[in-house]
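Reading through the structure tokens given below for one structure.
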Amino acid sequence: AVSPSDTVKKRLNDKKWAQVFNAMTPMEYSSVIKAVAIEFDQPDIAALIAPSVRGGIFTHEYVISAIRVVSDWLRTPTITKILPFCKDLHANAGKIKAELTDWEKVCTERDFEQALAVHGQESMA
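Take 43 as the starting number for the sequence shown in the numbering used here and just add one per residue.
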């Protein structure tokens with residue numbers, strides 16, 4: 043059987059498809075995630091695609107778009123997987139957190155701390 047991640051990996055390595063990922067809007071990004079038939083795979087696919095979106099300029103709009111389309115039980119795992127790719131997290135973490143329930147905020151608190159620490163080091167380099 044062909045897995046969704048194998049299919050996406052092939053597309054990511056195809057120069058013709060690279061243009062598609064590079065030009066992807068937040069809505070298009072979330073549409074790809076939502077199109078993954080097995081919901082359990084959606085967070086992994088979101089993370090696979092994230093570094094290729096807009097040439098690596100993956101922003102909070104993409105994170106918000108993704109968590110709006112996945113099922114409630116996948117919102118936390120999706121954030122955990124894609125938050126490290128968010129380039130404007132320092133400026134916009136509050137906008138992402140505003141989309142979360144209180145419980146999701148508790149569950150992702152460490153993810154935000156780790157991602158902010160990594161991005162803080164990158165901006166100092």
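The C-beta atom is built at its ideal place from N, Cα and C for all residues, glycine as well.
None of these values were measured; they are calculated from a predicted model.
Own chain residues within Cβ distance below 8 Å of residue i, not counting five before or after
i: Pro119; result: Pro85
i: Asp130; result: Thr101 and His102
i: Ala60; result: Leu54 and Ser94
Between the CA atoms of residue j and residue i - distance to the nearest angstrom
i: Arg96; j: Lys58; result: 15 Å
i: Ile87; j: Ser72; result: 10 Å
i: Trp115; j: Leu90; result: 20 Å
i: Ala167; j: Ala159; result: In this prediction, Ala167 scores a pLDDT of 42, lower than 50, which makes its location untrustworthy; the coordinate-derived value is nonetheless stated afterwards. Looking at the two C-alpha atoms, the distance is approximately 13 Å.
i: His161; j: Cys128; result: 9 Å
Exposure label - residue i; buried when at least 16 CB within 10 Å
i: Lys52; result: exposed
i: Val105; result: buried
i: Leu107; result: Before going on, a small fix: residue 107 reads as Ser here, not Leu. Answer is buried; the Cβ neighbour count reaches 16.
i: Ala79; result: exposed
i: Trp143; result: The question names Trp, but residue 143 is Thr in the sequence shown. Exposed, because fewer than 16 other Cβ atoms sit within 10 Å of the Cβ of Thr143.
Integer-rounded CB distance, given that residue j should sit under 8 Å from residue i
i: Asp83; j: Thr122; result: So it is not a contact: roughly 15 Å between Cβ atoms.
i: Ile124; j: Arg117; result: Not quite, the Cβ-Cβ distance comes to about 11 Å (not below 8 Å), so this is no contact.
Cβ shell of residue i (< 6 Å), same chain only, five flanking positions each side left out
i: Leu54; result: Ser94
i: Asn134; result: His102
Simplified DSSP state of residue i, which is helix, strand or coil
i: Leu90; result: helix
i: Asn55; result: coil
i: Val143; result: Note on residue identity: the sequence assigns Thr, not Val, to residue 143. Three-state result, Thr143: coil.
i: Met166; result: Its pLDDT being 46, under 50, Met166 is placed unreliably in this model, and the coordinates cannot settle the point.
i: Ala157; result: helix
Contacting residues, own chain, Cβ-Cβ under 7 Å from residue i (five flanking each side not counted)
i: Ile138; result: His102, Val105 and Ile106
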